[in-house]
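Student: Residue numbers (the numbering used here), protein chains in the order written: chain P, 1 to 696; chain R, 1001 to 1087.
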Amino acid sequence: MATQPQAQFSQAQFNQALKKYYSLYTGGFIAFIIVLAIAEQLGMPNRWIGYTFLFATIALYAMIGIISRTADVAEYYVAGRRVPAIFNGMATGADWMSAASFIGMAGGLYLAGYDGLAFIMGWTGGYVLVALFLAPYLRKFGQFTIPDFLGERYGGSVARLIGVFCAILCSFTYVVAQVYGVGIITARFTGIPLEIGVFVGLAGILVCSFLGGMRAVTWTQVAQYIILIIAYMIPVVWLSIKLMGFPIPQLAYGYALQDVTQREQELIQDPKEIEVRNIIKERAAAAAAALKNPEASLASQKAAYEKHLEALRAINAPPVQIAQAEAAVKAHDSLETAKAQWEKDAKLAPRANPPKRHAEAFSGATPEARDTARRNFLALVFCLMIGTAALPHILMRYYTTPSVREARKSVGWSLFFIFLLYFTAPALAVLVKHDVYHSVVGTSFASLPAWIEGWRNVDPTLLSLTDFNADGVVQLAELVLGGDIIVLATPEIAGLPYVISGLVSAGGLAAALSTADGLLLTIANALSHDVYYKLIDPRASTKRRLTVAKTLLLVVALCAAAVAAQKPAGILFLVSAAFSFAAASFFPALVLGIFWKRATSLGAICGMVAGLGITFYYMATTQPWLREVFGVTSSIAENTWFGINPISAGVFGIPLGFIVIIVVSLLTPKPSEKVQQLVEHVRYPRLRGGLDTTMT
Amino acid sequence: MELTEKHQEYWRKNLRISAILMAIWFVVTYVAGYFAPQLNQITFFGFPLGFYMGAQGSLIVYLIIIVYYATYMNRLDKEYDVAEEEE
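1. Using the Cβ count rule (16 or more neighbours within 10 Å means buried), how would you classify V276 of chain P?
2. Any residues in the region 400–412 of chain P with a beta carbon nearer than 7 Å to a beta carbon of chain R? Which ones, in chain order?
3. Measuring only the C-alpha atoms, how far is G472 of chain P from S447 of chain P?
4. Does any residue of chain P have a CB that is nearer than 8 Å to the CB of Q1008 of chain R?
5. Report, in whole angstroms, the separation of the C-beta atoms of L391 of chain P and V175 of chain P, which I expect to be a contact under 8 Å.
6. Report the option in P:L553, P:P45, P:L243 whose CA atom is closest to the CA atom of S439 of chain P.
7. Tell me the DSSP secondary structure of T621 of chain P in three-state form.
8. According to the Cβ coordinates, are A582 of chain P and V179 of chain P closer than 8 Å?
9. Take E273 of chain P as the anchor and find which of P:G607, P:R598, P:L476, P:W596 has the nearest alpha-carbon.
10. Report the neighbours of I120 of chain P on chain R: residues whose CB is nearer than 8 Å to its CB, in chain order.
11. Does the Cβ-Cβ distance between A223 of chain P and Y61 of chain P come in under 8 Å?
12. In the DSSP assignment, find the alpha helix (DSSP H) that holds S505 of chain P and state where it starts and stops.
13. Beta-carbon within less than 6 Å of Q8 of chain P's beta-carbon, same chain only, minus the 5 sequence neighbours each way: which residues are those?
14. Between the region 369–396 of chain P and chain R, which residues of the former have a C-beta closer than 9 Å to a C-beta of the latter?
15. Step through the CB atoms of chain R and report whether any lies within less than 8 Å of the CB of G254 of chain P.
16. Between Y21 of chain P and chain R, is there a C-beta pair that is closer than 8 Å?
17. Output, in sequence order along the chain, the residues in the region 478–511 of chain P whose CB is closer than 8 Å to any CB in chain R.
18. Any beta-carbon of chain R closer than 8 Å to the one on P568 of chain P?
19. Please report how far the alpha carbon of T337 of chain P lies from the alpha carbon of A327 of chain P, in whole angstroms.
20. If you run the structure through DSSP and keep just helix, strand and coil, what is S1058 of chain R?
21. Is A1098 of chain R close to chain P? Criterion is C-beta to C-beta, closer than 8 Å.
22. What in chain P is Cβ-close to T1004 of chain R, meaning under 9 Å?
23. Suppose you measure from the CA of I1016 of chain R to the CA of A131 of chain P; what does that come to, to the nearest Å?
24. Let me see if you follow: with CB-CB separation under 8 Å, is I1066 of chain R close to chain P or not?
25. Can you pull the DSSP bridge partners for L481 of chain P?
26. Got a sec: is the Cβ-Cβ distance from A1023 of chain R to anything in chain C below 8 Å?
27. Nearest by alpha-carbon distance to V182 of chain P: which of P:L463, P:Y617, P:G508, P:E638 is it?
28. Starting from the beta carbon of Y684 of chain P, find every residue of chain R whose beta carbon is closer than 9 Å, and list them in chain order.
29. Looking only at its chain, what residues have a beta carbon closer than 8 Å to the beta carbon of L134 of chain P, apart from the 5 residues adjacent to it on each side?
30. Can you name, in chain order, every residue of its own chain whose Cβ lies under 7 Å from the Cβ of F199 of chain P, other than the five neighbours on each side?
31. Whose C-alpha, out of P:G155, P:A289, P:F53, P:Y618, is nearest the C-alpha of I636 of chain P?
32. At 4 residues or longer, what runs of the alpha helix (DSSP H) sit wholly inside the region 95–153 of chain P?
33. If you reduce the DSSP assignment to three classes, tell me which class T1043 of chain R lands in.
34. Given a threshold of 16 other Cβ atoms within 10 Å of its Cβ, counted over all protein chains shown, does A369 of chain P qualify as buried or as exposed?
35. Does the distance from the CB of P147 of chain P to the CB of I268 of chain P come in under 8 Å?
36. Taking the Cβ atom as the reference point for each residue, do N373 of chain P and Y253 of chain P lie within a distance shorter than 8 Å?
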């Protein structure tokens, strides 16, 4: 990676050099962690460890970015097509795993149990489709972007432009979420406000991609993968040793799960737990009732609290109790404060439910509810899989391998590197649950574990603990964990020093930066290559093309950061929606384009529009945030089909896309001889006398 | 250029193996997913089997499918003389 591309270097020598550099790099990084660990023992403050991790890793990525700078178009767009299968696999892994995978995944599984596994299966099973239907053929086609293929196969600018539109639609919402994630992590590391953290993160993203395009992004992504996987594994392995006495968490957690299941049963029946759940239920119901008639409730409640306070004073109750009662009276001084409190209390309602059984699939009170849960689970898996196989920033990576042969192998490596993290996340979720059920639930408030005490003061959305029944003992129903805390607190739960917490943050940062890089490049390339070069100025010089590409990269990055700094409300939903959009728009057109010669231009155009259209329509009428944006007034229930959640809207768009392409294609004349030749060309890794579509 | 009978056969074989692997993919994903509550009655290495398939089993099968396909096709390329030139 440190060498300029030199013709006299064979691919084999290049591979050797890469292996050497990255082994040295990994060793160096581990040494760096050890040095910091020693420094911590010698008294280096936590904040400085955080700073060191943040700036050292960003400086490292910047260095790789600068070394990989390039003025060559093929290097800029597809890293010179010399990335060996295994390295492309690592880069794809980093490209794929976002801040949400790294930080949010285990937490999501902790909270959702079996139902959360839809993400695990969906985000890995999609690679089977990439391997069988897309990667080798796109590699043989060998151009720069996904709209390139649509433009060439479905002859003309319309298909290309729809491709550009879809690529930007999917990637932009996604990149905003990544930039936001980078901002959050930077803010946590350094204490600077999120709005500024977003722009610091942005600088981190741009140093990787600005000078060297795909080439620089590829080699930084490999480096980022190594950091993120080390950061993920160390705490989990340690936790597994601590809890199960066995260093392979993926094997050991079956027994932890059995234990958790048994404990769940106890907690569901425990009288103290039931007491707390009833208190919560009553409080939520009372708040909901008060909200219906605020003025009258305020007066009567205030009177009741004043009476209570007088009674306490009369019996000379302990000062703590009197202070509490005084606060309660004060809270009812104005309607606003009382209303805010009621609204807060009304939101407690879901916490009155008994704990969810972790391994139970498709829970629900009635058989119909369970059926709907199952339908939604399978629909979500379907959308995530097809979406994975249609996201342009992933597919683009398979243009960078040296051959079709390597592209096929590379999908295997990609999944292997993703698999390492994804089959660890469910283990982490269960191990943490095991620890919470044993070391937190049932302990007294006076002797809470250190990590609970520590995080309790950081952020109530991550961890909140309230002694509802005032018995001084923690009940499960009194504890609320936010999804993100599972990964963030694991080092402390495992009893590891702060340096590992710093490492985990660096891993999260690497995950967010690498994904943001890939996405940003996809958007900027769609604009610079597909719109500017292909449609506006096909005679532009190499130098001019690269200038345009880099300018657009900067513009898109600034837009993403500007949007992220607004903390948009629907962003989390939009990220998952990106999968349904990509699945419904790209997948049918790409797959039929390769496997069905008869697919015509008009068919593909209609299919992409129809697939995207129906997906969008379903989301806009059933998703609360989008309904607000578009002012939909009809009820959600009457717009819902088969009880499917809006996140899986692609389940309608994908089949419709296929059907429309097929029907319209059969109604329009057969594609030209040239297009049929192109299809044959991509189907065979080498065809004597065939076309040459490779773009350099 | 005209495709020879051999080329057609290569493509048919590719479609066949893809179909078989997709069938396996479908079973581990959707059939196992659909019957997860029933599979959960069975214990496998300490795990309820339905949960295990979602968390690990299916992932392992996906990986095997991809690796097998790559090996199979890379061999088929050579057999049918459509492999890329070695460097």
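Backbone N, C-alpha and C fix where the C-beta goes; we use that ideal spot for every residue, glycine too.
Tutor: Judging by the given coordinates:
1. By the neighbour-count rule (16 or more Cβ atoms within 10 Å), V276 of chain P is buried.
2. Per Cβ criterion, the list reads S403, V404, R405, R408, K409, V411, G412.
3. About 10 Å.
4. No, its Cβ sits nowhere closer than 8 Å to a Cβ of chain P.
5. About 12 Å separates the two Cβ atoms, so there is no contact after all.
6. Ranking P:L553, P:P45, P:L243 by Cα distance to S439 of chain P puts P:L243 first.
7. If DSSP states are grouped into helix, strand and coil, T621 of chain P belongs with the helices.
8. Contact check for A582 of chain P against V179 of chain P fails: the beta carbons are separated by 8 Å or more.
9. Answer by Cα proximity: P:L476.
10. Identification of chain R residues near I120 of chain P by a Cβ-Cβ cut-off of 8 Å yields G1054, A1055, L1059, ordered along the chain.
11. In contact: A223 of chain P and Y61 of chain P (Cβ atoms closer than 8 Å).
12. In this chain, the alpha helix (DSSP H) harbouring S505 of chain P covers 498–525.
13. Here the model assigns Q8 of chain P a pLDDT of 49, short of 50, so the residue's position is not dependable, and the following value carries that caveat. Excluding residues within five positions, none has a Cβ falling inside 6 Å.
14. Against chain R - using a Cβ distance shorter than 9 Å - the residues of the region 369–396 of chain P are R370, R374, F377, L378, V381, F382, M385.
15. At least one chain R Cβ lies under 8 Å of G254 of chain P.
16. Not one chain R Cβ lies under 8 Å of Y21 of chain P.
17. The region 478–511 of chain P vs chain R, Cβ under 8 Å: nothing.
18. Under the 8 Å criterion on CB atoms, P568 of chain P is classed as non-interfacial with respect to chain R.
19. Rounded to whole angstroms, T337 of chain P to A327 of chain P spans 12 Å at the Cα level.
20. In the structure shown, S1058 of chain R adopts helical secondary structure according to DSSP, grouped into three states.
21. Coverage of chain R is limited to positions 1001 through 1087, which leaves residue 1098 of chain R absent and any answer about it impossible.
22. Ordered by position in chain P, no residue passes the 9 Å Cβ test against T1004 of chain R, which lies about 10 Å from the chain.
23. The residue you asked about is not Ile; residue 1016 of chain R is Arg in the sequence shown. Distance between the alpha carbons of R1016 of chain R and A131 of chain P is about 15 Å.
24. Chain P contact via Cβ: present.
25. According to DSSP, L481 of chain P bridges with P:L463.
26. You won't find chain C in this structure, because its protein chains are P and R.
27. Ranking P:L463, P:Y617, P:G508, P:E638 by Cα distance to V182 of chain P puts P:G508 first.
28. Neighbours of Y684 of chain P on chain R, chain order: L1003, H1007, Y1010, W1011, D1077, Y1080, V1082.
29. A distance below 8 Å between beta-carbons, with the five flanking residues on each side excluded, links L134 of chain P to the following residues of its chain, in chain order: A389, L395, Y398, L590, V591, I594.
30. Correct list, in chain order: A561.
31. Of P:G155, P:A289, P:F53, P:Y618, the smallest CA-CA separation from I636 of chain P is found for P:Y618.
32. Fully enclosed alpha helix (DSSP H) runs of 4 or longer: 105–112, 117–129, 135–141, 146–153.
33. DSSP, read as helix, strand or coil, puts T1043 of chain R in strand.
34. A369 of chain P comes out exposed.
35. Cβ atoms of P147 of chain P and I268 of chain P: not closer than 8 Å.
36. Going by the sequence as given, residue 373 of chain P is Ala instead of Asn. It is not a contact, given that the beta carbons lie outside the stated cut-off.
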